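Trainee:
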Amino acid sequence: MTLQERKPKFETLSGIEAKRVYAPADAPENYNAPIGFPGEFPFTRGVQPTMYRGRFWTMRQYAGYASADESNARYKYLLAQGQTGLSVAFDLPTQTGYDSAAVMAEGEVGKVGVAISSLEAMERLFDGIPLAQVSTSMTINSTAAILLAMYVAVAKKQGAESRQLRGTVQNDILKEYIARGTYIFPPAPSMRLATDIIEYCARELPNWNPISISGYHIREAGSTAVQEVAFTFANAIEYVNATLARGLTIDDFASQLSFFFVAQLDFLEEIAKYRAARRLWARLVKEKFGAQKAASMMLRFHTQTAGVSLTAQQPQNNIVRTAIEALAAVLGGTQSLHTNSFDEAIALPTEESVQVALRTQQIIAHESGVTNTIDPVAGSYYIENLTDEIEKRALEYLDKIEKLGGGLKATEAGFITREIQESSWKFQREVEAKERVIVGVNEFTTRDAYRGKTLRVDPRVRDDQVARLQSLRARRDNARVENTLHALRDAARGTTNLVPAILACVESYATLGEICDTLRKEFGEFRGAGMF
Numbered sequence: 222m223t224l225q226e227r228k229p230k231f232e233t234l235s236g237i238e239a240k241r242v243y244a245p246a247d248a249p250e251n252y253n254a255p256i257g258f259p260g261e262f263p264f265t266r267g268v269q270p271t272m273y274r275g276r277f278w279t280m281r282q283y284a285g286y287a288s289a290d291e292s293n294a295r296y297k298y299l300l301a302q303g304q305t306g307l308s309v310a311f312d313l314p315t316q317t318g319y320d321s322a323a324v325m326a327e328g329e330v331g332k333v334g335v336a337i338s339s340l341e342a343m344e345r346l347f348d349g350i351p352l353a354q355v356s357t358s359m360t361i362n363s364t365a366a367i368l369l370a371m372y373v374a375v376a377k378k379q380g381a382e383s384r385q386l387r388g389t390v391q392n393d394i395l396k397e398y399i400a401r402g403t404y405i406f407p408p409a410p411s412m413r414l415a416t417d418i419i420e421y422c423a424r425e426l427p428n429w430n431p432i433s434i435s436g437y438h439i440r441e442a443g444s445t446a447v448q449e450v451a452f453t454f455a456n457a458i459e460y461v462n463a464t465l466a467r468g469l470t471i472d473d474f475a476s477q478l479s480f481f482f483v484a485q486l487d488f489l490e491e492i493a494k495y496r497a498a499r500r501l502w503a504r505l506v507k508e509k510f511g512a513q514k515a516a517s518m519m520l521r522f523h524t525q526t527a528g529v530s531l532t533a534q535q536p537q538n539n540i541v542r543t544a545i546e547a548l549a550a551v552l553g554g555t556q557s558l559h560t561n562s563f564d565e566a567i568a569l570p571t572e573e574s575v576q577v578a579l580r581t582q583q584i585i586a587h588e589s590g591v592t593n594t595i596d597p598v599a600g601s602y603y604i605e606n607l608t609d610e611i612e613k614r615a616l617e618y619l620d621k622i623e624k625l626g627g628g629l630k631a632t633e634a635g636f637i638t639r640e641i642q643e644s645s646w647k648f649q650r651e652v653e654a655k656e657r658v659i660v661g662v663n664e665f666t667t668r669d670a671y672r673g674k675t676l677r678v679d680p681r682v683r684d685d686q687v688a689r690l691q692s693l694r695a696r697r698d699n700a701r702v703e704n705t706l707h708a709l710r711d712a713a714r715g716t717t718n719l720v721p722a723i724l725a726c727v728e729s730y731a732t733l734g735e736i737c738d739t740l741r742k743e744f745g746e747f748r749g750a751g752m753f
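In structure tokens:
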């Protein structure tokens, strides 16, 4: 039986059937209605009227490992290679609120990101990088308020004004309970902290994105494209409602909300997904929340190529996979993009592999010709049909979730997790039955092992971090540290915004672990077993 004969049906990764060919008779019902122009509601074709003819998307390679000094060198290397924005990866202890010296941090310091335990480390991370001139994304959630405070403190020391700062903290705690797991506190105080950041940035950091509501991790956990859009927006609605409850209006903060989606290998479905997501979000913000400003209705998003599509077998194949995914993101109208390195299924990327990943974006931008015109796929019978179908199916999910009481209630009930698990199981079953081919994994395999260079983090990095923390504690004003931590404790017992109190702790050189321990005593810790 041939591979083509083995394939039972033709459909997208979301299970949307693909017809043999699309003709005018297959066009959506509203096909003859104007689909609009880029920069106009409902922004199906893009959020800016000039899109990439004005300027390219931000090329933002996610990077960080070992110490602040080593990551600083990688950032400078990437900027020298033409990267146009920074993206910081933090290690697991930093993500979960432990200093590098903590027992819980042993074996994980600097492994999947950079170790940042204090303002001093943050100063070294951005040494020689003017924060008033670069845009920085930080993939951080449970400890987002602390890392944002550190960033603001470093910028102040550099002489930058808060209005000059551009960038993003991920700060999407709900998807941690659904798909990722780097939570610390129970949902209620976690939502408080996430909303505190949104409120603080609306008042103090007008050019900063206080949250990047993530479908990426939902998709990496096994969801379909439709579920990625629906569950991301269900979480977004929770954040919007929580912020509105603070007394802000939708137009006070919606323009600062950002999103984070994956670029998977189903090329045409991914393009349609971005177009459908833009249109659906614009309608939700306008019709559900009554936004008046066009900027409030624009879905601005970062894209990362799919980590789960990378294979340890024949890793050079990942260069091709990443190029296809990156092209889908560009044709879908992304605002910024990270391209994975081909060796990331084996280890953290080397300078050589990360350069190839960045060059992939640059070749698309400068050589492919796809940026010459905006939304060149518009009007395709298939693309428009698929855009409509994804929007319709995502809206059906949102209706179900609303009946369950919203995104948080649906998560607590296990609905979202079960839906993702079902989709993940279905995909894996198809791979194992060879109904879905993964080149080099279940077909076209070889026995040759990868012999290229891989990056290895020096295990002595933790010893260095511990020594630095001991030195910091000996030099700082410990009475000031205790005073700021007590003030944070008192603020946590009330209802005031916690970001100013956290900023005071950071500026006194209280460590990330000390700040989190103070909040743990007030909020408690969330244990994932059994979920809610």
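Here the numbering used here is used: the first residue of the sequence shown is 222, the next is one more, and so on. C-beta: ideal position from N, C-alpha, C; glycine also. Owing to the predicted nature of the structure, the values given are computational and were not obtained by experimental measurement.
Would you report the Cα separation of Gly754 and Pro536, rounded to the nearest angstrom?
Mentor: Missing from the structure shown is residue 754; the chain here goes from 222 to 753 and no further.
Trainee: Nearest to Tyr671 by CA position, among Glu382, Leu414, Asn539, Lys332, is which residue?
Mentor: Start at 1 with the first residue of the sequence shown, and residue 671 comes out as number 450. Considering only alpha carbons, the answer is Asn539.
Trainee: Buried or exposed, going by whether 16 or more other CB atoms sit within 10 Å of the CB of Arg748?
Mentor: Walking along the sequence shown from the start, residue 748 turns up at place 527. The residue is exposed, with fewer than 16 neighbouring Cβ atoms inside 10 Å.
Trainee: At the level of alpha carbons, what is the spacing between Asp487 and Asp620?
Mentor: Here residue 487 refers to the residue found at position 266 of the sequence shown. Here residue 620 refers to the residue found at position 399 of the sequence shown. Roughly 26 Å between the two C-alpha positions.
Trainee: What residue ranges within the region 597–642 form continuous alpha helix (DSSP H) runs of no fewer than 4 residues, ordered along the chain?
Mentor: 602–624, 628–633
Trainee: Could you tell me the boundaries of the beta strand (DSSP E) in which Arg440 lies?
Mentor: One-based indexing of the sequence shown puts residue 440 at position 219. Premise fails: Arg440 lies in the alpha helix (DSSP H), 437–441, not in any beta strand (DSSP E).
Trainee: So, for Glu490: in the same chain, excluding its five sequence neighbours on each side, which residues have a beta-carbon less than 8 Å away from its beta-carbon?
Mentor: Taking the first residue of the sequence shown as 1, we reach residue 490 at position 269. Here the set comprises Thr233, Leu234, Ser235, Ile237, Ala446, Leu607, Ile611.
Trainee: What separation, rounded to the nearest whole angstrom, lies between the Cα atoms of Pro245 and Tyr602?
Mentor: In the sequence shown, counting from the first residue as 1, residue 245 sits at position 24. In the sequence shown, counting from the first residue as 1, residue 602 sits at position 381. Cα to Cα, the separation comes out at about 7 Å.
Trainee: Cβ atoms of Glu640 and Gln448: under 8 Å apart, would you say?
Mentor: By 1-based counting over the sequence shown, the position of residue 448 is 227. By 1-based counting over the sequence shown, the position of residue 640 is 419. Yes, the pair counts as a contact, with Cβ atoms nearer than the cut-off.
Trainee: Closest to Asn430 by CA distance: which of Ser383, Tyr398, Gln269 is it?
Mentor: As a working note, residue 430 is residue 209 in the sequence shown. Nearest option by C-alpha distance: Ser383.
Trainee: Okay, do the region 337–347 and the region 719–735 touch, 3+ Cβ pairs below 8 Å being the bar?
Mentor: yes
Trainee: Which residues share a DSSP beta bridge with Asn430?
Mentor: For the purposes of this step, residue 430 is taken as residue 209 along the sequence shown, with counting starting at 1. BP columns for Asn430 point to Thr389.
Trainee: How many whole angstroms separate the CB atoms of Ala547 and Thr532, which I take to be in contact at a CB cut-off of 8 Å?
Mentor: Position 326 of the sequence shown, counted from the first residue, corresponds to residue 547. Position 311 of the sequence shown, counted from the first residue, corresponds to residue 532. Separation of the CB atoms of Ala547 and Thr532 is rounded to 17 Å, and the pair is thereby denied contact status at 8 Å.
Trainee: How many whole angstroms separate the CB atoms of Phe480 and Ile434, which I take to be in contact at a CB cut-off of 8 Å?
Mentor: For the purposes of this step, residue 480 is taken as residue 259 along the sequence shown, with counting starting at 1. For the purposes of this step, residue 434 is taken as residue 213 along the sequence shown, with counting starting at 1. Rounded, the Cβ-Cβ distance is 5 Å, consistent with contact.
Trainee: With DSSP run on the structure shown, which of helix, strand or coil describes Met519?
Mentor: Start at 1 with the first residue of the sequence shown, and residue 519 comes out as number 298. DSSP places Met519 in coil when its eight states are reduced to three.
Trainee: Counting along the chain, where does the beta strand (DSSP E) carrying Ala310 start and finish?
Mentor: Counting from one through the sequence shown, the residue named residue 310 turns up at place 89. Residues 306–310.
Trainee: Would you check if the distance between the CB atom of Thr296 and the CB atom of Ile350 is smaller than 8 Å?
Mentor: For this step, residue 296 is matched to residue 75 along the sequence shown. For this step, residue 350 is matched to residue 129 along the sequence shown. The sequence as given places Tyr at residue 296; Thr does not occur at that position. Yes, Cβ-Cβ distance for Tyr296 and Ile350 is below 8 Å.
Trainee: Report the rounded CA-to-CA distance for Met325 versus Leu740, giving the unit in angstroms.
Mentor: Locating residue 325 in the sequence shown gives position 104, where the first residue counts as 1. Locating residue 740 in the sequence shown gives position 519, where the first residue counts as 1. Looking at the two C-alpha atoms, the distance is approximately 17 Å.
Trainee: Go through its chain and collect everything with a Cβ distance to Gly303's Cβ below 8 Å, but skip five positions before and after it.
Mentor: Sequence index remark: in the sequence shown, residue 303 carries index 82 (1-based). Closer than 8 Å at Cβ, skipping near neighbours: Met280, Leu579, Gln583.
Trainee: Do Gly331 and Val687 count as a contact pair if the criterion is CB distance below 8 Å?
Mentor: Position 466 of the sequence shown, counted from the first residue, corresponds to residue 687. Position 110 of the sequence shown, counted from the first residue, corresponds to residue 331. It is not a contact, given that the beta carbons lie outside the stated cut-off.
Trainee: Between Ala516 and the rest of its own chain, which residues show a CB-CB distance below 6 Å, the 5 nearest in sequence each way excluded?
Mentor: Taking the sequence shown and counting its residues from 1, one reaches residue 516 at position 295. Answer for Ala516: Ser476, listed in chain order.
Trainee: Just verifying my parser: in three-state terms, what is the DSSP assignment at Val461?
Mentor: Numbered from 1 along the sequence shown, position 240 holds the residue referred to as residue 461. Correct three-state label for Val461: helix.
Trainee: List the residues that DSSP assigns as beta-bridge partners of Gln485.
Mentor: Counting from 1 along the sequence shown, the entry for residue 485 is found at position 264. Beta bridge pairing from DSSP links Gln485 with no other residue.
Trainee: Please classify Ser557: does DSSP put it in a helix, a strand, or coil?
Mentor: On the sequence shown, residue 557 is found 336 positions in, with the first residue counted as 1. If DSSP states are grouped into helix, strand and coil, Ser557 belongs with the strands.
Trainee: Under the DSSP definition of a beta bridge, which residues are partnered with Leu478?
Mentor: Along the sequence shown, read from residue 1 onward, the residue named residue 478 stands at position 257. Ile432.
Trainee: With H, G and I counted as helix, E and B as strand and the rest as coil, what does DSSP make of Thr739?
Mentor: Here residue 739 corresponds to residue number 518 of the sequence shown, with the count starting at 1. Helix.
Trainee: Classify Tyr372 as helix, strand or coil using the three-state DSSP reduction.
Mentor: Position 151 of the sequence shown, counting from 1, holds the residue named residue 372. DSSP places Tyr372 in helix when its eight states are reduced to three.
Trainee: Report the residue from Arg668, Glu651, Val390 whose alpha carbon sits nearest the alpha carbon of Ala365.
Mentor: Position 144 of the sequence shown holds residue 365. Out of Arg668, Glu651, Val390, Val390 has the C-alpha closest to the C-alpha of Ala365.
Trainee: For Leu352, which option in Asp685, Leu368, Gly388, Asp247 has the closest C-alpha, if you only look at C-alpha atoms?
Mentor: Translated into the one-based positions of the sequence shown, residue 352 becomes position 131. Here the closest residue by C-alpha is Gly388.
Trainee: What residues in its chain sit with their C-beta under 8 Å from that of Lys674, if we drop five residues either side in the sequence?
Mentor: Position 453 of the sequence shown, counting from 1, holds the residue named residue 674. Hits under 8 Å: Thr571, Glu573.
Trainee: If distances are taken between C-alpha atoms only, which option among Ser644, Arg614, Lys240, Val551 comes closest to His523?
Mentor: For the purposes of this step, residue 523 is taken as residue 302 along the sequence shown, with counting starting at 1. With distances taken between Cα atoms, His523 lies closest to Val551.
Trainee: What are the residues that DSSP puts in a beta bridge with Gln282?
Mentor: The residue you call residue 282 lines up with position 61 of the sequence shown. Paired residue(s): Leu307.
Trainee: Just how far apart, CA to CA, sit Gly751 and Gly745?
Mentor: In the sequence shown, residue 751 corresponds to position 530, counting from 1. In the sequence shown, residue 745 corresponds to position 524, counting from 1. Since pLDDT at Gly751 reaches only 47, below the 50 mark, its modelled position is unreliable, and no value is offered.
Trainee: So, at 7 Å on beta carbons, what are the nonlocal neighbours of Ala381 in its own chain, with the 5 sequence-adjacent residues on each side left out?
Mentor: As a first step, residue 381 is located in the sequence shown; it is residue number 160 there, counting from the start. For Ala381, where only same-chain residues beyond five positions count, the Cβ hits under 7 Å are Leu352, Ala353.
Trainee: Taking 7 Å as the cut-off, is the CB of Arg580 close to at least one heavy atom of the ligand MN?
Mentor: The ligand MN is not part of this structure, which contains no ligands at all.
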